[in-house]
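Visitor: Below you will find the structure I want to go over with you.
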Amino acid sequence: MSLTSLIFALGLASPEAQATAPTSAPQAAPVVADTATTTAEQRGVIAYPPSFFEAARPSTAFDMITRLPGFRLDQGSDVRGFAGAAGNVLINGERPTTKSETLEDILKRISTSAVERVELIRGGAPGVDMQGRTILANVVIKKTVQVEKVANIQTYLYPDGFFGPLLEFQASRRDGINELEGSLKATIDRTGDTFDGAARVRSDGAGNLVSREAVKGYDEIQNYVARGAIQRGVLGGKLKVNGKVEYFSYDRDVTYTRFFPGPGRETSGETDENWTGEFGARYDRKLASNTDLQLVFLQNLGHEEYGSTADKSGDHQVYSEIDKTGETILRAELKQLRSEKLSLEASVEGAYNVLDGATRYVSTTAPIPDLVNVKVEELRGEAAGKAVWRPDPKLTVEAGARLEISRITQTGDNNLERDFFYPKPRVMVTWNPNSVDQLRFRLEREVGQLNFGDFVSSADLQAGTSDGADAKLAPSRSWVGEVAYERRFWGAGSISATLTHAEIQDVNDYKPLDDGSGLDAPSNIGDGRSDQFVILMTLPTDRLGLSGGQLKTRLSWYDSEVTDPVTLEKRRITNATPFVCNVSFTRDMPGGKWSWGASTGCPNENSRYRINEVRTNRFEQWFETFAEWKPRADLTVRTTLANLTSRNITRERVIYNGSRADGSVKTVEYRSIPFEPYLFIQVRKRLG
């Protein structure tokens, strides 16, 4: 097929022709031809039955989600509260009552045999809580009795012979609204902080070589998780209770061997030990035929002990930090479907968050300072209301607002109490001019959340830097406008373009403190803006002569601007990445037992701007390939060969004499870390 023919097929063919054209793979038709599904689609919901995924023979709901046309999984945000932390996947129309588990982990515990269908909700629909998003997926579980036991045996294999096993056992029983499930997981592995053959080179401001070192790193992580959940009918509704206990540890050692200008050796190390626990409860009850009530309680507790050491030129440095965290959430939500065209929602949420942190820095060349203690507490309340109106089958309007009030109290080395009030209106309009095109518009006021860790001073001994703490740090606020166009084609194909613009007040970035310490810290540096343009495409390759194939691409351009508080010049916001791309291809071979594929991520970079330093990280292209074998319906074996190109990650630090505003460069440090390919083997066996 020529390029001209392909463009014509994707963009110029009439909607009627696309809607009625036969597909070369009938099993991939996204909509079941029955009245219920047609009605759902008219409401902005496309239902994908198991037959749509039949050629791929997916093992879990996660596998099904990855095959959805025009959809990319978003795990959600790690923020305080419940309403603003949601990802873009629902289970039976509801968000999971947890903040400590990822959507990927939850979906991987749901076998395909338990899934009735997967729904793609585009632009909103009456009675559907879009969680502030324009596209959601909803996994609908069968109501018949489902009993299942699954063992997952996985391991990472590295070129030096190290292997990192991951063992998991899960069991579940579902019978209508009654559910019982539990799982145990244990992992011993390592991360990208294990490497050999790295180099660190320093030069002065004139470009003269100062030092050259070989760098070697080793690390190990351990992770153990136990979780369980039960759901039963209670008082005319259903009550689900879930709990989780998790232990995580991380150990790392880095050695710098200098061979210019003379032999030498430096070492550094890190340890991190973290215990977390979560308890959640959700009660759902239908108060009337068109009215639903939901109550949510969530409690999270954490205890983390972090330590780092560095031995440099006879100076032994030790940094330690102990953090105790907690979050308590109470939420009530009422939904009412007034008609097929109008639904209303109202909610109230209260939350209490606390961080009690203590840090200490010790150096053999400096006196021992006092222990630094900081306690940060937040009491927050939010009331929200929303209406979804569908005046015409082609038009959906969602409008609402959230009113947030909070009080943040800091005690310890800084005693401060501040009150905040932020209204957050939102409107979204979706227009479907025909069966294959959709236009979405969103206008919203977004308010960022403060990271409690930014109120605690910290040190990076390996880099030789320290972060101060700005007690007056306030959340950023943005007016966000977004327009998106999506076109569906060939039954399972989709292409969309999204343009987002944000006007940001009080950008959170780094700026010098005015306390005479000479440090900088996460602070508000003034107003800024950001623009993002994203293209998503799902391309089935059957009509291109390659049966069973699916190509998915995501291209994202991001531009931002803020005034640097040091140089007073315009620059990007710290850690903003200008361009990101992800491309993946999968093919399901005839017979349904074999699948293979490959994926890649484009090179990218980001920069951090400090008072006397600009630090830029650059990542080379990532490439991996996989093969999956399913000899039986209850057994899946998948092998992934990752990092085929042995990509390097480089870090460049331009360090100045005093402030960056003076422009006098003291040192340029260049560190290059190579990473070798590795093998990941997964075996999933359904035991019953």
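Counting from 0, one number per residue, gives the positions in the sequence shown under numbering that gives the first Met the number 0. Glycine included, each C-beta is placed from N, C-alpha and C at the ideal position.
(1) On the DSSP bridge list, what partners appear for Tyr157?
(2) How would you call Thr143, buried or exposed, if buried means at least 16 neighbouring beta carbons within 10 angstroms?
(3) For Phe259, does the count of other Cβ atoms within 10 angstroms reach 16, so buried, or fall short, so exposed?
(4) With Met129 and Glu397 assumed to form a contact (beta carbons below 8 Å), what rounded beta-carbon distance in angstroms separates them?
(5) Could you tell me the distance, in whole angstroms, from the CA atom of Lys694 to the CA atom of Gly657?
(6) Cutting at 6 Å between CB atoms, please list the residues of its own chain near Glu303, excluding the five before and the five after it.
(7) Taking DSSP as the reference, what is the three-state secondary structure of Lys142?
(8) How long is the line joining the alpha carbons of Phe296 and Glu675, rounded to whole angstroms?
(9) How many Å lie between Pro68 and Phe247 at the Cα?
(10) Note down the Cα distance separating Lys184 from Ile680, rounded to an integer number of angstroms.
(11) What three-state label does DSSP hand Asp73 in the structure shown?
(12) What is the rounded straight-line gap between the Cα of Glu403 and the Cα of Ala382?
(13) Comparing C-alpha positions only, which one of Asp453, Ser663 and Trp595 sits nearest to Thr509?
(14) In three-state terms, what does DSSP make of Ala345?
(15) Please report the residue range of the beta strand (DSSP E) in which Phe61 lies.
(16) Pop quiz: Trp478 and Pro539 are said to be a contact at Cβ under 8 Å. What is the actual Cβ separation, rounded to whole angstroms?
(17) If distances are taken between C-alpha atoms only, which option among Gly525, Ser495 and Ala46 comes closest to Arg553?
(18) Does DSSP put Gly301 in a helix, in a strand, or in coil?
(19) Sorry if obvious, but does the Cβ on Asn241 come closer than 8 Å to a heavy atom of the ligand MG?
(20) At the level of alpha carbons, what is the spacing between Ala54 and Met588?
(21) In whole angstroms, what is the alpha-carbon distance linking Phe70 and Val114?
(22) Taking the Cβ atom as the reference point for each residue, do Leu550 and Asp633 lie within a distance shorter than 9 Å?
(23) Consider the Cβ of Arg199: report whether some Cβ of chain D lies at a distance smaller than 9 Å.
(24) Is the separation between the beta-carbon of Ala501 and that of Arg542 shorter than 9 Å?
(25) Start and end of the beta strand (DSSP E) containing Asp104?
(26) Measuring only the C-alpha atoms, how far is Lys107 from Ile134?
(27) For a test of the three-state rule: what should DSSP assign to Ser645, helix, strand or coil?
(28) Does the beta-carbon distance from Thr270 to Val253 come in below 9 Å?
(29) For Ser405, count the other beta carbons within 10 Å of its own beta carbon; 16 or more makes it buried, fewer makes it exposed. Which is it?
(30) Would Tyr669 and Arg646 qualify as a contact pair, given that the criterion is a beta-carbon distance under 9 Å?
(31) Ignore the nearest five residues each way along the sequence and tell me which others in Ala24's own chain have a CB closer than 6 Å to its CB.
(32) Out of Pro95, Trp628, Asp466 and Asp526, state which residue places its alpha-carbon closest to the alpha-carbon of Glu612.
(33) Report the partner residues of Arg476 according to the DSSP bridge assignment.
(34) In the DSSP assignment, find the unbroken beta strand (DSSP E) run with Leu183 in it and report its ends.
(35) Restricting to Cα atoms, I'd like to know which of Pro630, Thr615, Thr624 and Gln620 is closest to Thr649.
(36) Kindly indicate the opening and closing residues of the beta strand (DSSP E) around Glu326.
Guide: The structure says:
(1) Partner(s): none; Tyr157 has no beta bridge.
(2) exposed
(3) exposed
(4) 7 Å
(5) Lying before the first or after the last residue shown, residue 694 is absent from the chain, which here runs from 0 to 687.
(6) Asn273 and Asp322
(7) coil
(8) 45 Å
(9) 36 Å
(10) 16 Å
(11) coil
(12) 7 Å
(13) Residue 509 is actually Tyr in this sequence, not Thr. Looking at the Cα atoms, Asp453 is the closest of the given residues.
(14) strand
(15) From DSSP, Phe61 is part of no beta strand (DSSP E) but of the alpha helix (DSSP H) over Ala60 to Thr65.
(16) Not confirmed; about 38 Å, so no contact.
(17) Ser495
(18) strand
(19) Looking for the ligand MG in the displayed structure turns up nothing, as the structure carries no ligands at all.
(20) 8 Å
(21) 18 Å
(22) no
(23) In the structure shown, chain D does not exist; there is a single protein chain.
(24) no
(25) No beta strand (DSSP E) holds Asp104; the alpha helix (DSSP H) holding it covers Leu102 to Lys107.
(26) 21 Å
(27) coil
(28) no
(29) buried
(30) no
(31) Residue confidence is low: Ala24 scores 32 on pLDDT, short of 50, so the model does not pin down where it sits. Its coordinate-derived value is still stated next. Closer than 6 Å at the Cβ level, and outside the excluded window around Ala24, lie Asp541.
(32) Asp466
(33) Val446 and Gln504
(34) Asn177 to Asp188
(35) Thr615
(36) Asp314 to Leu336
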